[in-house]
Structures are given as C-alpha cells and as structure tokens.
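In numbering that gives the first Met the number 0, the protein residues as written are 0 to 130.
To keep things clear, I will list the structure first and then write my remarks on it.
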Amino acid sequence: MTVYYVAIGDNGTSGPITGCGDSLVATTTAPVRFTDQVGPSIRTLLANKNRAVGLSGLVNVLYQSNLTYLGGELDGSTITIYLSGQFMLSGVCDIPRAKAQLEFTAMAASGATNARVFVNGRPIDDVLSLK
C-alpha cells in the first residue's frame, strides 16, 4: 500500500513539488490485499496522528485533522474521494501539502491520473480556501 508524505524544504528533489518548496514522497507499507485499495490507503493516512513519519524526515501535515473516509469512485482516469470532518493545519503552506497528500495517495491506490477530493460535500479547494 502506498501513502504519500511531505519532505519539507526538499524543493522537488525527492518527488513532485508541493507546498512551499517541498516534495511529496511515496512510502510503502507491507503488501496488503484489498478489493478496494483506496479506502485502506486513505484510512491509513488519516489514522497516522504523528507529524513525523518515523525517522525518515517526512512529515504528515494531516496528523491533527479530524477526517473520516466515506467512500470513493473511479470514473475513467479520475478517482473521487469523499471525506467528512475538519482540517487542522499549521499554516498556509500546509494547504497544498494536505491536498497533495490526499490526492496522490488516492491516485496511487486506484491507478488514476487525476483526483478530486470532497470534504463534507464541498470541493477541497473551497474547504481549504483562505477567502
């Protein structure tokens, strides 16, 4: 199972660039077999309540958030996931980091190339907007 975390200040060296000059880095757990890989992957990400990911130097910006995975659906190359709850982030740079962690974890689990995330029925961009 693949779950994405953030390498703060890595500037895209270790993976796709996100946040404020950070990288998104794929981590893998021991092989796990599920019919639906998306639910277990997102639940694993949301269940991690530690900011630091072991001694890897990676960070989970979702660690304080109170989010629950409700379901997902794959339509062509787009995975859509539905969450409920609230984000608890530590600053403006955590907004794109959180979005990227969720989207990339869902895409890795589903094989999709695009992801959409809804929280409490609203698009993640609206939920995380500072406006």
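We put the beta carbon where it would ideally sit given N, CA and C, even for glycine.
Is it the case that the Cβ atoms of residue i and residue j are separated by a distance below 8 angstroms?
i      : j      : result
Leu69  : Leu82  : yes
Ala111 : Leu73  : yes
Gly20  : Asn10  : yes
Val2   : Ser55  : no
Leu57  : Ala6   : yes
Phe131 : Thr79  : The question about residue 131 has no answer here: the residues shown for the chain are numbered 0 through 130.
Gly71  : Val126 : no
Asn87  : Thr43  : In the sequence as displayed, the identity of residue 87 is Met instead of Asn. Not closer than 8 angstroms, so no.
Tyr4   : Thr27  : no
Could you give the residue range of the alpha helix (DSSP H) that holds residue i?
i      : result
Leu45  : 37-46
Thr104 : 93-109
Val126 : 123-127
Residue range of the beta strand (DSSP E) that residue i falls in?
i      : result
Phe117 : 113-118
For residue i, which residues does DSSP report across the bridge?
i      : result
Ser159 : With the chain represented from 0 up to 130, any question about residue 159 goes unanswered, as that position is not in the structure.
Tyr68  : Leu82
Thr1   : Thr27
Val58  : Val5, Ala51
Asn73  : The sequence given here places Leu at residue 73; Asn does not occur at that position. In the DSSP output, where bridge partners are listed per residue, Leu73 has Ile78.
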